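The next block holds one structure in the form of structure tokens; read it before the comments.
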Amino acid sequence: MTTDTTPKGAPSGSRSLEHPDREDIRLADVLHALADPMRLRIVCALAAAEGELTCADIELPVSKSTCTHHYRVLREHGVIRQIYRGTAKRNGLRRADLDALFPGLIDGVLRAADRQARRLGDG
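Mapped onto the working numbering, the consecutive letters of the sequence shown carry residue numbers 293 to 415.
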């Protein structure tokens with residue numbers, strides 16, 4: 293089952309996006325979503341921000357349509373939540389859901405990504 297993100301009290305016709313419910317998030321899907329370097333970059337940026345960011349807040353060296361694809365994969369696999377606030381689409385890491393389902397996974401992935409980035413930066 294999926295849920296949408298129409299804000300309570302929003303006028304009819306408000307744009308909403310479907311997200312998997314917590315119990316429908318699967319480890320294989322999360323790992324697939326995190327396996328791509330651009331999607332991992334998005335997750336790292338959202339984790340560092342500890343809040344919501346717009347797509348434009350995270351600079352990626354790919355086309356806008358490719359960015360849209362990466363955000364969609366992350367949302368559909370339960371890694372991020374996307375909510376329209378006015379005309380902006382805001383993104384947030386589903387940290388509480390992921391930590392409840394897969395304790396330590398996100399922390400481990402973020403540590404590994406940081407170590408790799410530092411190693412590649414030193415080379």
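Don't be surprised by glycine CBs; every beta carbon is placed ideally from N, CA and C. Predicted model, so just to flag it, every value in this text is computed and none were measured.
Other residues of its chain near G415: CB distance less than 8 Å, five sequence neighbours each side excluded: Indexing the sequence shown from 1 puts residue 415 at position 123. Interpretation of G415 is limited by its pLDDT of 48, a score under 50 that renders its predicted location unreliable; no figure is taken from the coordinates.
In the DSSP assignment, what residue or residues form a beta bridge with R377? As a position in the sequence shown, residue 377 is number 85, starting the count at 1. Residue pairing by DSSP puts R377 in a beta bridge opposite A380.
Should the stretch 307-327 be called in touch with the stretch 361-377, which here means at least 3 C-beta pairs below 8 Å? Touching, yes.
What are the residues that DSSP puts in a beta bridge with I372? As a first step, residue 372 is located in the sequence shown; it is residue number 80 there, counting from the start. Paired residues: L385.
Where DSSP assigns a beta bridge to L345, which residues make up the other side? Position 53 of the sequence shown, counted from the start, is the residue given in the question as residue 345. Beta-bridge pairing links L345 to N383.
Does the stretch 357-373 come close enough to the stretch 331-340 to have 3 or more Cβ pairs within less than 8 Å? Verdict: yes, contact present.
Assign G413 to one of three DSSP states: helix, strand, or coil. Residue mapping note: residue 413 aligns to position 121 of the sequence shown, counting from 1. Judged by DSSP in its simplified three-state form, G413 adopts helix.
Cut-off 8 Å between Cβ atoms - residues of its own chain near D389, not counting five sequence neighbours on either side: Start at 1 with the first residue of the sequence shown, and residue 389 comes out as number 97. Result list for D389: R314, I317, G370, in chain order.
Report the option in T346, R331, A409 whose CA atom is closest to the CA atom of G384. As a first step, residue 384 must be located in the sequence shown, where it is residue number 92. Per the Cα distances, T346.
Would A325 be called buried (16 or more neighbouring beta carbons within 10 Å of its own) or exposed? Here residue 325 refers to the residue found at position 33 when the sequence shown is read from its first residue. Under this definition A325 is a buried residue.
On a Cα-Cα basis, can you pick out the residue from E344, E342, L366, R331 that is closest to L352? Mapped onto the sequence shown, residue 352 falls at position 60. Of the residues E344, E342, L366, R331, the one whose Cα lies closest to the Cα of L352 is R331.
What is the DSSP secondary structure of I317, counted as helix, strand or coil? In the sequence shown, counting from the first residue as 1, residue 317 sits at position 25. It is coil, neither helix nor strand.
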